[in-house]
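Chemist:
In this note's numbering, the protein residues as written are 1 to 537.
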């Protein structure tokens with residue numbers, strides 16, 4: 001029966017690739033090519049760097065192994081954090097779980113299938129970030145073809161370990177919190193980890209360790225080697241899998257088999273603990289939703305005042321920000337990016353030679369403002385879920401709903417865009433007049449990008465989504481970002497053309513007219529689309 005369940009998982013995955021929302025028949029090849037870009041880029045960049053390290057006096061194989069082990073420790077932590085929401089979904093919230101448990105099948109067989117599904121969901125992250133490092137290391141060590149087969153076996157065992165660790169953490173907390181609350185919390189923790197990792201990578205650049213890069217610093221190699229000594233003293237699965245590949249590439253069969261056995265032993269132990277623990281939890285009461293038994297608090301008496309409906313819509317959108325951790329996660333990530341963007345921009349010393357050189361240091365903030373406005377706007381509609389149809393039946397116009405969402409996003413992003421511009425201005429000794437002009441332009445760009453994002457969200461939203469990755473169709477994400485950058489670029493081009501004509505007022509008039517036209521057309525298209533949505537349950 002377990003074999004039948006695993007075959008069912010395989011067929012479901014194949015059907016997902018053939019007919020799922022992510023893969024259509026005509027776009028399957030292009031989607032697969034797009035998913036392969038990241039690991040290919042990592043492999044292409046790391047193999048040359050690893051090859052130079054082998055010949056560099058202060059590096060060598062020991063440094064290479066230490067670097068890959070440290071990187072794999074980050075991959076292990078990342079897989080545990082991404083695996084926690086997956087484990088909670090597959091073991092407690094999966095739609096087919098009730099049907100499977102009602103069949104005359106052993107509970108352990110069912111939970112084995114769910115463990116395989118949870119591990120399969122982590123496979124993509126591992127292939128994108130972890131596998132290219134092992135392939136690069138084996139490539140520069142001139143490993144035999146057998147080693148690549150060993151990499152596949154070791155990778156299979158390694159993926160099961162973070163999934164099992166995530167399951168153990170989930171089962172420990174299952175008796176303390178509701179499952180859905182734990183999933184929201186796990187998603188939020190993952191978001192903070194991504195923000196922290198992104199910020200660290202911006203300041204600790206790998207180019208400092210790459211002898212082929214212009215920013216190479218020989219002292220950085222020694223600093224990195226000394227700072228990672230503690231990792232070598234820890235017996236971690238991330239070190240085991242790297243040792244397997246390194247030993248197998250150098251013909252050290254005993255060391256490779258020993259570490260491969262450690263991976264197999266730990267993965268088997270975690271699989272057994274996970275399956276038996278979940279089978280025992282099946283006989284206990286697990287809270288899925290948070291408790292709804294709360295003390296009723298009388299709200300304020302209804303009083304009518306001007307813009308009462310607008311205030312109610314704005315308050316509702318503010319509550320949605322904290323209801324869905326994915327929206328809060330995106331907002332926090334963008335806030336950190338706004339603060340870091342000016343510090344990551346190189347400023348050339350000297351007097352600017354022209355208008356283009358004057359505005360060049362602020363280009364990253366401009367691009368980030370457009371992308372951030374479009375991203376938050378594309379999420380502002382799907383998080384309403386199916387309750388959005390009831391909002392449309394209220395005595396409200398679609399225009400009012402869209403305008404309140406736009407106002408909320410503009411108020412979120414504008415302060416951080418202004419802070420980012422102020423930091424960049426202090427670095428370049430910009431005048432107050434220039435900063436005021438840039439602030440006005442960026443507020444209008446955020447307004448324009450938000451409405452374009454709302455238009456694409458209304459056109460491509462799946463209101464019945466289950467997986468948060470499918471809040472919108474992939475084409476909707478791509479088209480929304482592309483249109484926002486295109487329209488924003490055209491607006492900046494008009495503003496620049498006005499400045500070249502010799503008068504700042506002309507530039508602002510052209511830019512304001514352009515933003516007004518784009519905003520009005522986008523609002524009209526989104527309003528018409530909302531009135532024609534067909535709702536299915």
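All residues carry an ideal CB built from backbone N, CA and C; glycine is no exception.
Treat the numbers as computed from the prediction; the structure is a model and nothing was measured.
(1) Secondary structure at residue 238, three-state DSSP: helix, strand or coil?
(2) So, residue 528 versus residue 448, is the Cβ gap smaller than 9 Å?
(3) Consult DSSP for residue 251 and reduce its assignment to one of helix, strand or coil.
(4) Secondary structure at residue 484, three-state DSSP: helix, strand or coil?
(5) Between the alpha carbons of residue 521 and residue 361, how many angstroms are there, rounded?
(6) Less than 7 Å between C-beta atoms, sequence neighbours within five positions excluded: which residues of the same chain meet that for residue 410?
(7) Do the region 479 to 486 and the region 452 to 460 meet, that is, are 3 or more Cβ pairs less than 8 Å apart?
(8) Does the Cβ-Cβ distance between residue 68 and residue 137 come in under 9 Å?
(9) What number of angstroms, rounded off, separates the C-alpha of residue 248 from the C-alpha of residue 163?
(10) Which residue's Cα is closest to the Cα of residue 71: 54, 134, 210 and 119?
(11) So for residue 317, helix, strand or coil by DSSP?
(12) Between residue 98 and residue 514, what straight-line distance do the alpha-carbon atoms span, to the nearest angstrom?
(13) Restricting to runs no shorter than 3 residues, where is the beta strand (DSSP E) found entirely within the region 51 to 111?
(14) By the DSSP assignment, the alpha helix (DSSP H) with residue 377 in it spans what residues?
(15) If residue 143 and residue 114 are in contact, beta carbons under 8 Å, what's the gap, nearest whole angstrom?
(16) Given a cut-off of 9 Å, decide if residue 217 and residue 209 are closer than it, judged by their beta-carbon atoms.
(17) On the criterion of 16 or more Cβ atoms from any shown chain inside 10 Å, does residue 331 qualify as buried, or is it exposed?
(18) When you compare only the Cα positions, how much space is there between residue 106 and residue 279?
(19) Assuming residue 388 is part of the alpha helix (DSSP H), what are its boundary residues?
(20) From which residue to which residue does the alpha helix (DSSP H) around residue 211 run?
(21) How about residue 239 and residue 131: do their beta carbons lie closer than 9 Å?
(22) Mapping DSSP to helix, strand and coil, what is residue 511?
(23) On the CB-based measure, 16 or more other CB atoms within 10 Å of its CB, does residue 253 come out buried or exposed?
(24) For a quick check, are the C-beta atoms of residue 64 and residue 79 less than 9 Å apart?
(25) Taking the C-alpha atoms as reference points, what is the distance between residue 222 and residue 57?
(26) Kindly indicate which three-state DSSP category residue 279 falls into: helix, strand or coil?
(27) Quick one, which of 328, 485 and 398 has its alpha-carbon nearest residue 313's?
(28) To the nearest angstrom, how far is the alpha carbon of residue 365 from that of residue 319?
(29) Whose C-alpha, out of 395, 532 and 367, is nearest the C-alpha of residue 489?
(30) Count the C-beta pairs between the region 254 to 264 and the region 147 to 164 that are closer than 8 Å, then say yes if the count reaches three, no if not.
(31) Residue 287 by DSSP, collapsed to three states: which one?
(32) Contact defined as beta carbons within less than 8 Å: I believe residue 422 pairs with residue 369. What is the distance between those atoms, to the nearest angstrom?
(33) Could you give the distance in angstroms between the alpha-carbon of residue 438 and the alpha-carbon of residue 496?
(34) Start and end of the alpha helix (DSSP H) containing residue 442?
(35) Given residue 241, which residues of its chain have a CB within under 7 Å of its CB, disregarding the five upstream and five downstream residues?
(36) Within the same chain, show all residues whose beta-carbon is closer than 7 Å to that of residue 417, passing over the 5 residues directly before and after it, in chain order.
Modeler: Quick look at the numbers:
(1) For the purposes of this step, residue 238 is identified with residue 238 of the chain shown, where counting begins at 1. Helix.
(2) Here residue 528 refers to the residue found at position 528 of the chain shown. Here residue 448 refers to the residue found at position 448 of the chain shown. No, Cβ-Cβ distance for residue 528 and residue 448 is not below 9 Å.
(3) Working through the chain shown from its first residue, we reach residue 251 at position 251. Three-state result, residue 251: coil.
(4) Here residue 484 corresponds to residue number 484 of the chain shown, with the count starting at 1. The answer is helix: DSSP assigns residue 484 an H, G or I state.
(5) For the purposes of this step, residue 521 is taken as residue 521 along the chain shown, with counting starting at 1. For the purposes of this step, residue 361 is taken as residue 361 along the chain shown, with counting starting at 1. Each residue's Cα considered, the two are about 31 Å apart.
(6) The count along the chain shown starts at 1 and reaches residue 410 at position 410. Correct list, in chain order: 446, 447 and 450.
(7) yes
(8) Translated into the one-based positions of the chain shown, residue 68 becomes position 68. Translated into the one-based positions of the chain shown, residue 137 becomes position 137. Yes, the pair counts as a contact, with Cβ atoms nearer than the cut-off.
(9) Counting from one through the chain shown, the residue named residue 248 turns up at place 248. Counting from one through the chain shown, the residue named residue 163 turns up at place 163. About 26 Å.
(10) Locating residue 71 in the chain shown gives position 71, counting from the first residue. Selected option, being the one with the closest Cα: 134.
(11) Taking the first residue of the chain shown as 1, we reach residue 317 at position 317. DSSP places residue 317 in helix when its eight states are reduced to three.
(12) As a working note, residue 98 is residue 98 in the chain shown. As a working note, residue 514 is residue 514 in the chain shown. So the alpha carbons of these two residues sit roughly 55 Å apart.
(13) none
(14) What you label residue 377 is simply residue 377 of the chain shown in a count that begins at 1. 363 to 380 is the span of the alpha helix (DSSP H), which, as asked, contains residue 377.
(15) For this step, residue 143 is matched to residue 143 along the chain shown. For this step, residue 114 is matched to residue 114 along the chain shown. So it is not a contact: roughly 35 Å between Cβ atoms.
(16) As a first step, residue 209 is located in the chain shown; it is residue number 209 there, counting from the start. As a first step, residue 217 is located in the chain shown; it is residue number 217 there, counting from the start. Result yes, Cβ atoms of residue 209 and residue 217 sit closer than 9 Å.
(17) In the chain shown, residue 331 corresponds to position 331, counting from 1. The residue in question, residue 331, is buried, as its Cβ has 16 or more Cβ neighbours within 10 Å.
(18) Indexing the chain shown from 1 puts residue 106 at position 106. Indexing the chain shown from 1 puts residue 279 at position 279. Rounded to whole angstroms, residue 106 to residue 279 spans 9 Å at the Cα level.
(19) Here residue 388 corresponds to residue number 388 of the chain shown, with the count starting at 1. Counting along the chain, the alpha helix (DSSP H) containing residue 388 begins and ends at 388 to 393.
(20) The sequence position of residue 211 within the chain shown is 211, counting from 1. Counting along the chain, residue 211 falls outside any alpha helix (DSSP H), and DSSP gives it neither H nor E.
(21) Sequence index remark: in the chain shown, residue 239 carries index 239 (1-based). Sequence index remark: in the chain shown, residue 131 carries index 131 (1-based). Result no, Cβ atoms of residue 239 and residue 131 do not sit closer than 9 Å.
(22) As a first step, residue 511 must be located in the chain shown, where it is residue number 511. In the structure shown, residue 511 sits in a helix (DSSP, three-state: H, G or I).
(23) For the purposes of this step, residue 253 is taken as residue 253 along the chain shown, with counting starting at 1. So residue 253 ends up on the exposed side.
(24) The residue you call residue 64 lines up with position 64 of the chain shown. The residue you call residue 79 lines up with position 79 of the chain shown. No, these two residues do not count as a Cβ contact at 9 Å.
(25) Locating residue 222 in the chain shown gives position 222, counting from the first residue. Locating residue 57 in the chain shown gives position 57, counting from the first residue. Distance between the alpha carbons of residue 222 and residue 57 is about 11 Å.
(26) One-based indexing of the chain shown puts residue 279 at position 279. Of the three classes helix, strand and coil, the one that applies to residue 279 here is helix, per DSSP.
(27) Against the chain shown, residue 313 aligns to sequence position 313. Ranking 328, 485 and 398 by Cα distance to residue 313 puts 398 first.
(28) Start at 1 with the first residue of the chain shown, and residue 365 comes out as number 365. Start at 1 with the first residue of the chain shown, and residue 319 comes out as number 319. When rounded, the distance between both Cα atoms is 28 Å.
(29) Position 489 of the chain shown, counting from 1, holds the residue named residue 489. When each option's Cα is compared against that of residue 489, the closest is 367.
(30) Verdict: yes, contact present.
(31) As a working mapping, residue 287 is identified with position 287 in the chain shown. Coil.
(32) Counting from 1 along the chain shown, the entry for residue 422 is found at position 422. Counting from 1 along the chain shown, the entry for residue 369 is found at position 369. Taking the Cβ atoms as the reference, residue 422 lies roughly 14 Å from residue 369, outside the contact range of under 8 Å.
(33) Here residue 438 corresponds to residue number 438 of the chain shown, with the count starting at 1. Here residue 496 corresponds to residue number 496 of the chain shown, with the count starting at 1. Looking at the two C-alpha atoms, the distance is approximately 12 Å.
(34) Working through the chain shown from its first residue, we reach residue 442 at position 442. Residues 432 to 460.
(35) Locating residue 241 in the chain shown gives position 241, where the first residue counts as 1. Answer for residue 241: 72, 154, 158 and 263, listed in chain order.
(36) On the chain shown, position 417 is the one that residue 417 refers to. Contacts found: 338, 365, 369, 442 and 446.
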